[in-house]
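Residue numbering for the first sequence follows the working numbering, beginning at 54 and increasing consecutively.
We put the CB at the ideal spot given by N, CA and C, even for glycine.
The structure presented is a predicted model; accordingly, all values stated were derived computationally and were not measured.
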Amino acid sequence: MSIGYACIAVGLIGSNQKSCITKNASEEKLYELIEHNLNALEVMIDYNIQNNIKLFRISSDIIPFGSSAVNNIKWWEKFESTFQRIGSKIKNAGMRVSMHPGQYTVLNSPHEDVVSRAILDLDYSARVLDSLELSAKNKIILHIGGIYQNKIEAVQRFCENYKCLDESVKQRLVIENDDKSYNVFDVLEIGKNMMIPVVFDNLHNAVNPYDNVHSEVYWINECKKTWKKNDGIQKIHYSQQDLNKRVGSHSATIKINEFLEFYNQIDHDNIDIMLEVKDKNLSAVKCINCTTTVKKIKVLEKEWSKYKYKILECSQENYLMVRRLLIKKDDYPAIEFYNIIEDALLKEINTENSVNAAQHVWGYFKNIATESEKKVCLKSIELLKKREISTNSIKNILWKMTVKYEEKYLLDSYYFVM
DNA sequence: CACCGTCAAGTCGCA
DNA sequence: TGCGACTTGACGGTG
Numbered sequence: 054m055s056i057g058y059a060c061i062a063v064g065l066i067g068s069n070q071k072s073c074i075t076k077n078a079s080e081e082k083l084y085e086l087i088e089h090n091l092n093a094l095e096v097m098i099d100y101n102i103q104n105n106i107k108l109f110r111i112s113s114d115i116i117p118f119g120s121s122a123v124n125n126i127k128w129w130e131k132f133e134s135t136f137q138r139i140g141s142k143i144k145n146a147g148m149r150v151s152m153h154p155g156q157y158t159v160l161n162s163p164h165e166d167v168v169s170r171a172i173l174d175l176d177y178s179a180r181v182l183d184s185l186e187l188s189a190k191n192k193i194i195l196h197i198g199g200i201y202q203n204k205i206e207a208v209q210r211f212c213e214n215y216k217c218l219d220e221s222v223k224q225r226l227v228i229e230n231d232d233k234s235y236n237v238f239d240v241l242e243i244g245k246n247m248m249i250p251v252v253f254d255n256l257h258n259a260v261n262p263y264d265n266v267h268s269e270v271y272w273i274n275e276c277k278k279t280w281k282k283n284d285g286i287q288k289i290h291y292s293q294q295d296l297n298k299r300v301g302s303h304s305a306t307i308k309i310n311e312f313l314e315f316y317n318q319i320d321h322d323n324i325d326i327m328l329e330v331k332d333k334n335l336s337a338v339k340c341i342n343c344t345t346t347v348k349k350i351k352v353l354e355k356e357w358s359k360y361k362y363k364i365l366e367c368s369q370e371n372y373l374m375v376r377r378l379l380i381k382k383d384d385y386p387a388i389e390f391y392n393i394i395e396d397a398l399l400k401e402i403n404t405e406n407s408v409n410a411a412q413h414v415w416g417y418f419k420n421i422a423t424e425s426e427k428k429v430c431l432k433s434i435e436l437l438k439k440r441e442i443s444t445n446s447i448k449n450i451l452w453k454m455t456v457k458y459e460e461k462y463l464l465d466s467y468y469f470v471m
């Protein structure tokens, strides 16, 4: 059983992906971007290994214009050794990765050019995974596509076009229920007929259900039947609704209690769970730490070192609660720990707390900063007290000093990214 | 340096 | 018929 996250690692230096607009997509520029993005991928893979994260989605933007004529670089040749090195790390760690072309990759379109671009997109995704020399258990996830006023014909077109796909794509391709057009029943029909594994997405199912009779567990068990030995263990997508946004929007973080309720209902030892959530790796680590059988408080202490100034900024009370919680060194109060953090993050940030947090962070530098840095910082904190500057401004100033003085404890802090 | 429009894609709902 | 929303972070130009 693995829990993972998609594409981006929040608060991880050197992991950002770069892109450019078509106008600027010269060969030189593209080469530079690919090199950068592969570096960033390796940074994320290393991070995953260090944090025991064994499930990860590689961004489809890893190679800018990877499936377009705009990019003529034979990147799989030019960066062959880089791909092999990263792929080895993935394999040796027992990590499983995937790719997920977005809503604009539509295999069942009635427009020939749209379909051929979709095929190129799938070929590209497979080529990335092939270049990493990973097995067919490392999947490409696709939605069925549009309806075009006739679902039966649209499904037929999907199946016909699927048959035309390259074998390297077919052995990796899995299909997922979406939030508008194809519910889990529709996708299962296709999956069973075409022998394609089905990924169950709980939020899509909540938004676009087949009926209100069958439970999530029922559908997960139905989907399980579509996964064959060569496909690896069943994969599902899990996310929670952002209550302030439109129906189907992913939440900022995974509420741990709600997750555990779901987790405890399913056959979690035989399922890989991909989280779709704004805070990405943060929620993945949270869910892993709350379900692990290895219960070491050191893990929570490490988490606390990253969260603490952010929590101090939100709530002094919660900050003190966590400190009390982590005193007993033979305990492992992971769920309580994350409940206090979730609670703090929901609170409105007031001036007093944001000043307090900034002063704590400034404390790392007050003996090493130059006179001018000291002047700027203290002035900014005074302005913050009067709400004349934003918390982002002060965080930018403090972040620059963190980088300059390589303040290790702060470099990983979520204070700067939340 | 902060801010914000733009990009890039295909479908669908609505005027 | 055509346009805006959906999605996403970063780009890229402006002030």
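My output table needs one value for I126: the three-state DSSP class, helix, strand or coil. coil
When you compare the CB positions of C212 and N191, do they come within less than 8 Å of one another, or not? Not in contact: C212 and N191 (Cβ atoms no closer than 8 Å).
In angstroms, rounded to a whole number, what distance separates the CA positions of N69 and V266? 43 Å
Alpha carbon of E93 to alpha carbon of S466, nearest angstrom: In the sequence as displayed, the identity of residue 93 is Ala instead of Glu. Whole-angstrom Cα-Cα distance: 19 Å.
Is the beta carbon of F418 sitting closer than 8 Å to the one on Y458? yes
Could you tell me which uninterrupted alpha helix (DSSP H) segments, each at least 4 residues in length, are contained entirely in the segment 60-122, listed from first to last along the chain? 80-103
Proximity of I139 and I98 at Cβ, strictly below 8 Å: Taking 8 Å as the Cβ cut-off, I139 and I98 qualify as a contacting pair.
D325 - DSSP class collapsed to helix/strand/coil: strand
Report the rounded CA-to-CA distance for T306 versus Y372, giving the unit in angstroms. 19 Å
At the level of alpha carbons, what is the spacing between E366 and T345? Cα to Cα, the separation comes out at about 29 Å.
Which residue comes first and which comes last in the beta strand (DSSP E) that contains L226? Start and end: L226 to E229.
Supposed contact pair Y215 and L160 - C-beta distance, whole angstroms, cut 8 Å: 7 Å
Does the segment 313-332 come close enough to the segment 430-446 that 3 or more CB-CB pairs lie under 8 Å? no
Since I87 and W128 should fall inside the 8 Å C-beta cutoff, what is the C-beta to C-beta distance between them, to a whole number of angstroms? 5 Å
Quick one: residues in its chain with C-beta nearer than 7 Å to the C-beta of S433, no 5 flanking neighbours on either side, listed in chain order? I442, S446, I447 and I450
Beta strand (DSSP E) runs wholly inside the segment 152-200, at least 3 long, in chain order: 193-196
Own chain, CB closer than 6 Å to N406, minus 5 neighbours either side, in chain order: Only E366 meet the Cβ criterion.
Return the chain-ordered ranges of every alpha helix (DSSP H) run that is complete within the segment 286-320 and spans a minimum of 4 residues. 309-318
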